[in-house]
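*Asks:* The structure that follows is given in the form of structure tokens.
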Ligand code: IFM
């Protein structure tokens, strides 16, 4: 594994989490979210699990921040729950919620950890979902208002702010593939959610700047698109996947347009006068976050757009069934740099799920150590080739609620026993601590 000294002096290593996955949505006067509704609906989430208790981070945050400090990390990428701050999504504030994030941020600073805040990591307040959620254009201004309100309280201590985590998941995964809340499978809803989530990002960025807040970034997820064979049909299947998954959001942010392949499929479902929003959508950001885990093998499939399907690949896989493909990280750091034209880049998420168990007080997750070592090396190779990567955040600090897959998939450097909520640092936590210590 590469060591701390192999990276520049000011390179930042951190860990990532998200509010609904760790906090415990039931605590502290938070409002209901569309993930609570989705999880309560049979068949959506493994064992019908939900985030109401999660890792109980709402109450155990100090212990968790100690783990980050003791692991030698310089930064913590966390998210705020919109419904914890504004239980109805707008209107009346929940002072307990704001106080929680205040304590959390102060706790980071007391421990020498830089706070990197994500404003939205997927738990839309249910009252806004009732109004159409991401299908309703007004969501963009609701999100901008919430963002300014939260940052007016925290912004004096926040290191960097990301608007919306993984816009592809907010739109496609949730409105086209139906795997995340609100569980829709509808192309018109997808096109609208794509456009509105981009607009929300742009409006929040502009509103935050106008309110005096800076260092604002966008965070996208990427998955390498590999054709299943040498046929032109497989190449087309991979190109279609690459267009909606990897290129759409970068193109919108940095070229102020949708890729042609997206327009030919979605243009008739976009809201009226969508072209007029691109100056807001493309308002400059200060940095770009890259979330990367795996690749997809694409084959053609009968039926309407996207007319492709993922097929199993030959490489070793994680507990998610995801192929381990570090070359993809190298590829996407270059792609991100091509679009972002020299802006600072961060790997804002990378890591793997593993079927980890505690044996005699220890967790042997050597597969995760190997995974991270290979991905650190891929990132370093891109840096040596000139990519301005300034930091790397491992997903995740601890095992947590893996959305529709519940608590079974374990991504943490720290094991969580979901009966007792006891935290046990895994071998990977100890290995990274040794590798990254100064
Ligand atoms: O757990 C998720 C996270 O919420 C967003 N990015 C991918 C992770 C692993 O699936």
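In my numbering, the protein residues as written are 640 to 1077.
We treat Cβ as the ideally placed atom computed from N, Cα and C, and that holds for glycine.
(1) State yes or no: is the C-beta of residue 989 nearer than 7 Å to some heavy atom of the ligand IFM?
(2) From 990, 715 and 877, pick the residue whose C-alpha is nearest to that of residue 944; which is it?
(3) Can you grab the Cα-Cα spacing for the pair residue 927 / residue 1042, in whole Å?
(4) Quick one: grab the DSSP three-state call for residue 715.
(5) Compute the distance between the beta-carbons of residue 669 and residue 722, then report whether it is under 8 Å.
(6) Can you tell which of 712, 768 and 793 has its C-alpha closest to the C-alpha of residue 724?
(7) From the DSSP output, in three-state form, read off residue 770 for me.
(8) Cβ atoms of residue 753 and residue 798: under 8 Å apart, would you say?
(9) Express the C-alpha separation of residue 682 and residue 795 in angstroms, rounding to a whole number.
(10) Which first and last residues belong to the beta strand (DSSP E) in which residue 1073 is found?
(11) Could you compute how far the alpha carbon of residue 1016 sits from the alpha carbon of residue 730?
(12) Judging by CA-CA distance, which residue of 947, 833 and 768 is the nearest neighbour of residue 892?
(13) Excluding the 5 residues preceding and the 5 following residue 1064 in the sequence, name in chain order all residues of the same chain whose CB lies nearer than 6 Å to its CB.
(14) Look at the alpha carbon of residue 715 and the alpha carbon of residue 854, and state the distance between them as a whole number of angstroms.
(15) Report the three-state DSSP secondary structure of residue 927 (helix, strand or coil).
(16) Run the proximity test for residue 805: is its beta-carbon closer than 7 Å to any non-hydrogen atom belonging to the ligand SAM?
(17) On the criterion of 16 or more Cβ atoms from any shown chain inside 10 Å, does residue 869 qualify as buried, or is it exposed?
(18) To which residues does DSSP link residue 855 through a beta bridge?
(19) Hey, how far is the Cα of residue 804 from the Cα of residue 998?
(20) Could you give the distance in angstroms between the alpha-carbon of residue 1055 and the alpha-carbon of residue 996?
(21) Just the Cα atoms here: how many angstroms apart are residue 675 and residue 1077?
(22) Can you grab the Cα-Cα spacing for the pair residue 1033 / residue 845, in whole Å?
(23) Under 6 Å Cβ to Cβ from residue 1004, same chain only, skipping five residues before and after it: list those, please.
*Replies:* Taking the definition as stated:
(1) no
(2) 877
(3) 24 Å
(4) strand
(5) yes
(6) 793
(7) coil
(8) yes
(9) 43 Å
(10) Note, residue 1073: premise wrong, no beta strand (DSSP E); alpha helix (DSSP H) at 1066 to 1075.
(11) 47 Å
(12) 833
(13) 1053
(14) 15 Å
(15) strand
(16) Ligands in the displayed structure: the ligand IFM; the ligand SAM is not one of them.
(17) exposed
(18) 800
(19) 35 Å
(20) 10 Å
(21) 42 Å
(22) 29 Å
(23) 993, 995, 1065, 1066 and 1067
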